[in-house]
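Mapping the first sequence onto our numbering, position 133 (from 1) lands on 156, and the numbers just tick up by one.
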Amino acid sequence: MTRSPLLAGIDFRAPSHEVARQLVGVLLLVDGVGGRIVETEAYDRDDAASHSYSGPTERNGAMFGAPGHAYVYRSYGIHWCLNFVCREAGHGAGVLIRALEPLAGLAQMRARRGLDAERLLCSGPGKLCQALAVSRAHNGMALALPPFALAAAAPGAAVVAGPRIGISKAMAVPWRFGLAGSRFLSRPF
DNA sequence: CTTAGGATCGCCT
DNA sequence: GGCGATCCTAAGC
Numbered sequence: 024m025t026r027s028p029l030l031a032g033i034d035f036r037a038p039s040h041e042v043a044r045q046l047v048g049v050l051l052l053v054d055g056v057g058g059r060i061v062e063t064e065a066y067d068r069d070d071a072a073s074h075s076y077s078g079p080t081e082r083n084g085a086m087f088g089a090p091g092h093a094y095v096y097r098s099y100g101i102h103w104c105l106n107f108v109c110r111e112a113g114h115g116a117g118v119l120i121r122a123l124e125p126l127a128g129l130a131q132m133r134a135r136r137g138l139d140a141e142r143l144l145c146s147g148p149g150k151l152c153q154a155l156a157v158s159r160a161h162n163g164m165a166l167a168l169p170p171f172a173l174a175a176a177a178p179g180a181a182v183v184a185g186p187r188i189g190i191s192k193a194m195a196v197p198w199r200f201g202l203a204g205s206r207f208l209s210r211p212f
């Protein structure tokens with residue numbers, strides 16, 4: 024027997040769209056700062072919109088690593104974006120964390136973002152990495168260990184799905200997931 | 001409300 | 001050289 028692969032009640036070896044749906048509502052903290060995940064997107068190896076689509080490179084290497092670890096990449100040369108690796112090592116699937124409902128460390132978030140409005144602190148993949156101070160240093164780190172902390176979602180959250188945002192390929196795949204009615208989404212569904 | 005442009009890194013053709 | 005899994009600001013309707 025191996026130890027349980029569950030982390031916050033989620034098996035990260037599952038397909039990324041299943042993990043993405045289950046992550047909605049999960050509490051994510053980085054060094055004690057964070058909140059509830061309200062928006063995610065799934066990406067997979069056989070997915071023209073995925074960084075892993077064309078195989079491993081230096082940037083996306085963590086996406087081909089072990090499940091339950093972080094894949095952090097730089098977007099547009101400016102922002103950081105945080106993913107959770109899924110499937111077995113070598114597969115190349117992940118879930119992009121797109122928005123949080125801020126719950127812990129609001130003062131630090133405001134200082135890092137240079138903003139007061141709570142609704143805008145973590146309402147996008149680049150924004151939440153700035154608010155939580157996620158950077159290249161977190162790439163490849165295990166989500167089960169500090170500085171990361173995950174806690175299971177309260178059951179019964181209403182999850183909605185739709186097309187992913189900001190991509191130009193595989194537009195029809197409904198792999199964006201969100202907490203229904205949340206005001207902390209990057210955009211409404 | 002919508003649209004446009006700039007910042008600036010890694011990988012692609 | 002081009003183009004992003006983005007964000008912010010400014011301008012136009």
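C-beta: ideal position from N, C-alpha, C; glycine also.
Under the three-state reduction of DSSP output, Gly84 falls in the helix class. A straight line joining the alpha-carbon of Ser158 with that of Met132 spans about 15 Å. Taking the Cα of Arg142 as reference, the smallest distance to any Cα among Gly149, Gln153, Pro125 is reached at Pro125. Contiguous alpha helix (DSSP H) elements confined to the segment 97 to 167 occur at 129 to 136, 148 to 155, taking only those with 4 or more residues. Only residues of its own chain outside the window of five on either side were considered, and among them Val183, Gly185, Gly201 have a CB closer than 6 Å to the CB of Phe212, listed in chain order. Residues of the same chain with their beta carbon placed closer than 7 Å to that of Asp69 are lacking, with the five preceding and five following residues left out of the count. Inclusion of Asn162 and Ala65 in the CB contact set at 8 Å is not warranted, their separation being larger than that value. A residue is called buried when at least 16 other Cβ atoms come within 10 angstroms of its Cβ; Gly58 meets this threshold and is buried.
If the five residues before and after Cys152 are omitted, its C-beta is found closer than 8 Å to the C-beta atoms of Val95, His102, Trp103, Cys104, Leu105, Ser158, all from its own chain and listed in chain order. The bridge partners DSSP lists for Phe171 are Val53.
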